Structures are given as structure tokens and as C-alpha cells.
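Q: Residue numbering for the sequence shown follows my numbering, beginning at 685 and increasing consecutively.
Cβ atoms here follow ideal geometry from the backbone N, Cα and C, with glycine treated the same way.
Please read these numbers as outputs of a predicted model, since none were measured by experiment.
Could you have a look at this structure, given as C-alpha cells, before my questions?
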Amino acid sequence: MANIFDVIPPVDENSGTFILDHGKVVDGVLKYKDDLTSYGWNIRRYNRLKEGALVLSRRPGKLTKDRKFEIYAGGVVTHISEPDGEGNVVATIDHVFKIIPAIKQGDDFIENFQWDSKKKKPNSWEHFWNQYGMNSISFSDFSRLMQNANCVPLDGTLDSNEDDLSEEEFNDLNYLRNQGFKISVELDGKTRKKSEKKHVGIAKKLDFSKLNKLKNRIGALGEEIIFDFLTQKAIKEGLRQPKHVSKEEGDGVGYDIIYWNENNEEIYVEVKTTTYNYMDGFEMTQNEIFASQKFKDQYEIYRVYDLNAKTGECKLKIYKGPVDENQFILETRQVRVYNKTSK
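Right, here's the structure in full:
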């Protein structure tokens, strides 16, 4: 679960915090420029929103299928345009994140939330939201609303090239040849105590020259860490040695590594690696989804996160079973488009 303050940059608490209603429609058309990365309004009617403000996006109940409002996204206002002749302006919202699942009216959390910046009637939202759709809240309210929310960056930086190793971080790997990486393994939502952390010497086994040529160095490093982790486990327990499939046969089969458990069953492992400090929000290909559903309980995702090339430390979360909506929230990020030929 991604913490909000790992997603957005440091902010000034005095810059203001707001919940903004999206979807102002007149005659079926949006009245202002209005999407996750921008917000339009009229400063003659409301002039408190400033650059640097934290914002949350709310969809009013009249715009949802079940007639219940939802708080579904947010970000930071980085620029506000000059007003036109009628006072209309547009704010640019950066560091955008989606809240998955959204905070929804009727949920115990929001219904019982104790606001310190607004007054709410018991069991009613009547007259709570500003009629114009721009609600100022305290930084404390914002922090507590987001405390347990799963915030996923809209721009996909969790697994993009921005998440890859910098040249400085790559050079730091040379100092880890003998030390290796320390892996803190998280199981069932609980992180093992420091004394139980597994110390995995993998850096000395890396082919640094080859790693440097790869487009996704962070991904390759994560695979090496996990492959050595599983190799050491196999040696210790007298099991068959794992196979680094993506390295030997190439990508595209839907998994990176095969290892054999104590029952001599093949377990198919897909490795997802990030330098960011959150476990979920990773991307998977169609082949990986299909492989997980084919192999079911014999498919595992090893999520390597909070990887620090300077200190030689990382964390590991293991997800078991198929990737489906029974245990994950699946969000479509890209669609491949083909020309439709006429017959």
C-alpha cells in the first residue's frame, strides 16, 4: 500500500488543502477544463485555491451510478493560469495519484470520520459540501483521510524508467560485490524482525557490464537478487537448483524464474522491482496475467521494493496465487489499438 507522502513531494502545510468537486456540467458539457491533471473555476466566486495547495478530487453523488459521492484522486497544484475576462482560471495539478479503492459515501471510515475543519450532522451529509464544489479542509484532515488509503501515481512512475537506477546508484553497486544485499522479507502483512532478515550475497555474482547495457537495470537487478535468494534457499534445504528463465530463454513467457519446492513442484516466479517504498501498484503484461491464471497456486510474484543501491538493502513481499480480482484491484493502464478494416 503506497503512503501518500511517498507519492507526493514535500509540501508546505500552509499552502492550503482542498477537496474539489469534479464534473461540473452545463447542458451535457463540462463547464470548465476538468480532469485529473487540471481544474477550472471562477475566481470571482472562489479565490482561496493557490499554487502549492494539496487537493483531493471528489465525484458528487449526482454523477455516480449509485448516487454516492466518492473521493478518488488527488495531487498538488503547481500552476494557476491568468484569469480570462470573466475570471475563469485553470489550475495545473501535478504528482497526481489515484485512490484505489476510492473513499466512498456509506463506507464506515468516511461516515465516522471526525473532521476538525468542517461540521457534519450525524448520519447526514446535508449542507456539508460547499455548493460551488471547492471545500477547504485542514492539513490534519487530509493526512488522516489518506492515512490508510492506497495511493497509486497516475503517471506510472512505479515501474517506469524514472524508477530505474541512476548512474550514481549503478556505480554504488560496485561497493556491494562482497557485501551483497540485505532482504527484509514481509509475509502476511508483517515484516520479520531485524534479527531474522535474510542476508543475500548477490552483488558479487552480477554481470555489471551486461547489467549496464540493459534498458531496465532495476528490473534485472531485482531478478538477480531473487534468483540468488532462491538459490541459497535451495542449497540450504537440499532442493533442486532454480532456473533463471528470463536470462536463459528471454522474456515473454510470463515469469522470470522457476524453482522447485519441498514437494518437487515447479513454482513460477515473476519479479517486480522498484526503488519506491510501496509494495503494490506494479504493472503486469498480458502474458504474465495469463501465466498466473494457468499455474494458479504454483505462480508467485516477488515484489522487491524500497531497493537502495547505496546501502545494499531492499524489502520483499511475496504474493501467491493467480492475479485476479479475488485478491487484487486490477486497473487497465494501456490499450493496444488496431485499424478496423472495412469489409
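Evaluate Y816 with the Cβ neighbour count: other Cβ atoms within 10 Å of its Cβ, from every protein chain shown; 16 or more gives buried, anything less gives exposed.
A: On the sequence shown, position 132 is the one that residue 816 refers to. Result: exposed.
Q: Can you have a look at V1021 and say buried or exposed, based on whether 16 or more other CB atoms are within 10 angstroms of its CB?
A: As a first step, residue 1021 must be located in the sequence shown, where it is residue number 337. Exposed is the call here.
Q: Roughly how many angstroms lie between the CA atoms of C998 and H763, to the nearest whole one?
A: Indexing the sequence shown from 1 puts residue 998 at position 314. Indexing the sequence shown from 1 puts residue 763 at position 79. If I take the Cα positions, the gap works out to 36 angstroms.
Q: Does the segment 727–742 touch the segment 692–709, meaning 3 or more C-beta pairs lie closer than 8 angstroms?
A: With the cut-off at 8 angstroms, the segment 692–709 and the segment 727–742 touch.
Q: Checking the sheet assignment: what are the DSSP bridge partners for V780?
A: In the sequence shown, counting from the first residue as 1, residue 780 sits at position 96. Paired residue(s): none; V780 is not in a bridge.
Q: Please report how far the alpha carbon of E907 lies from the alpha carbon of D940, in whole angstroms.
A: The count along the sequence shown starts at 1 and reaches residue 907 at position 223. The count along the sequence shown starts at 1 and reaches residue 940 at position 256. Each residue's alpha carbon lies about 7 angstroms from the other.
Q: Closer than 8 angstroms: is that where the CB of D1008 sits relative to any heavy atom of the ligand HEM?
A: As for the ligand HEM, it is missing from this structure, which has no ligand bound.
Q: So does the segment 823–841 actually touch the segment 791–800, counting three or more Cβ pairs closer than 8 angstroms?
A: These segments touch.
Q: Just to check my reading of the structure: F974 and G1005 have Cβ atoms closer than 8 angstroms, yes? What is that Cβ distance to the nearest angstrom?
A: As a working note, residue 974 is residue 290 in the sequence shown. As a working note, residue 1005 is residue 321 in the sequence shown. 14 angstroms between Cβ atoms; not a contact.
Q: From which residue to which residue does the beta strand (DSSP E) around E1009 run?
A: For the purposes of this step, residue 1009 is identified with residue 325 of the sequence shown, where counting begins at 1. Segment: none, E1009 is in no beta strand (DSSP E) and carries neither H nor E.
Q: Taking all protein chains shown into account, decide if N834 is buried (16 or more other Cβ within 10 angstroms of its Cβ) or exposed.
A: The count along the sequence shown starts at 1 and reaches residue 834 at position 150. It counts as buried.
Q: Take K782 and list the residues in its own chain whose beta-carbon comes closer than 7 angstroms to its own, dropping the five residues that flank it on each side.
A: Along the sequence shown, read from residue 1 onward, the residue named residue 782 stands at position 98. Hits under 7 angstroms: Y756, A757, V836 and L838.
Q: Quick check on the DSSP output: the beta strand (DSSP E) that includes E984 runs from which residue to which?
A: On the sequence shown, position 300 is the one that residue 984 refers to. Looking at the DSSP string, the run of the beta strand (DSSP E) that includes E984 is Y983 to N992.
Q: Could you tell me if E984 is buried or exposed, where buried requires 16 or more neighbouring beta carbons within 10 angstroms of its beta carbon?
A: In the sequence shown, the residue the question calls residue 984 occupies position 300. By the 10 Å Cβ count, E984 comes out buried.
Q: Write down every uninterrupted run of the alpha helix (DSSP H) in the segment 908–951 whose length is 4 residues or greater and which is fully enclosed by it, in chain order.
A: Counting only runs of 4 or more, we get 929–932.
Q: Cutting at 7 angstroms between CB atoms, please list the residues of its own chain near I886, excluding the five before and the five after it.
A: Here residue 886 refers to the residue found at position 202 of the sequence shown. Legend: pLDDT at I886 = 46, less than 50; position of this residue unreliable, value from coordinates given subsequently. Closer than 7 angstroms at the Cβ level, and outside the excluded window around I886, lie G864, F865, E908, I909 and D912.
Q: Is the beta carbon of V953 sitting closer than 9 angstroms to the one on L905?
A: As a first step, residue 953 must be located in the sequence shown, where it is residue number 269. As a first step, residue 905 must be located in the sequence shown, where it is residue number 221. No, the pair does not count as a contact, with Cβ atoms beyond the cut-off.
Q: Looking only at C-alpha atoms, which of V1007, S801, H811 and R728 sits nearest to S824?
A: The count along the sequence shown starts at 1 and reaches residue 824 at position 140. Considering only alpha carbons, the answer is S801.
Q: Can you tell me the Cα-Cα spacing of I942 and E950, whole angstroms?
A: Position 258 of the sequence shown, counting from 1, holds the residue named residue 942. Position 266 of the sequence shown, counting from 1, holds the residue named residue 950. Distance between the alpha carbons of I942 and E950 is about 6 angstroms.
Q: By a C-beta neighbour count over all protein chains shown, 10 Å radius and 16 as the cutoff for buried, is R728 buried or exposed?
A: Locating residue 728 in the sequence shown gives position 44, where the first residue counts as 1. Per the 10 Å Cβ criterion, exposed.
Q: Helix, strand or coil, according to DSSP, for V1057 in the structure here?
A: The question about residue 1057 has no answer, for the chain in this structure spans 685 to 1027.
Q: By the DSSP assignment, the alpha helix (DSSP H) with K978 in it spans what residues?
A: Along the sequence shown, read from residue 1 onward, the residue named residue 978 stands at position 294. Where K978 is concerned, the enclosing alpha helix (DSSP H) stretches over Q970 to F979.
Q: Span of the alpha helix (DSSP H) holding L1000?
A: As a working note, residue 1000 is residue 316 in the sequence shown. Run containing L1000: none in the alpha helix (DSSP H); it sits in the beta strand (DSSP E), E997 to K1004.
Q: What's the C-alpha gap between I821 and V929?
A: As a working note, residue 821 is residue 137 in the sequence shown. As a working note, residue 929 is residue 245 in the sequence shown. Approximately 52 angstroms, taken between the alpha carbons.
Q: Does DSSP put N855 in a helix, in a strand, or in coil?
A: Walking along the sequence shown from the start, residue 855 turns up at place 171. N855 falls in the helix class under three-state DSSP.
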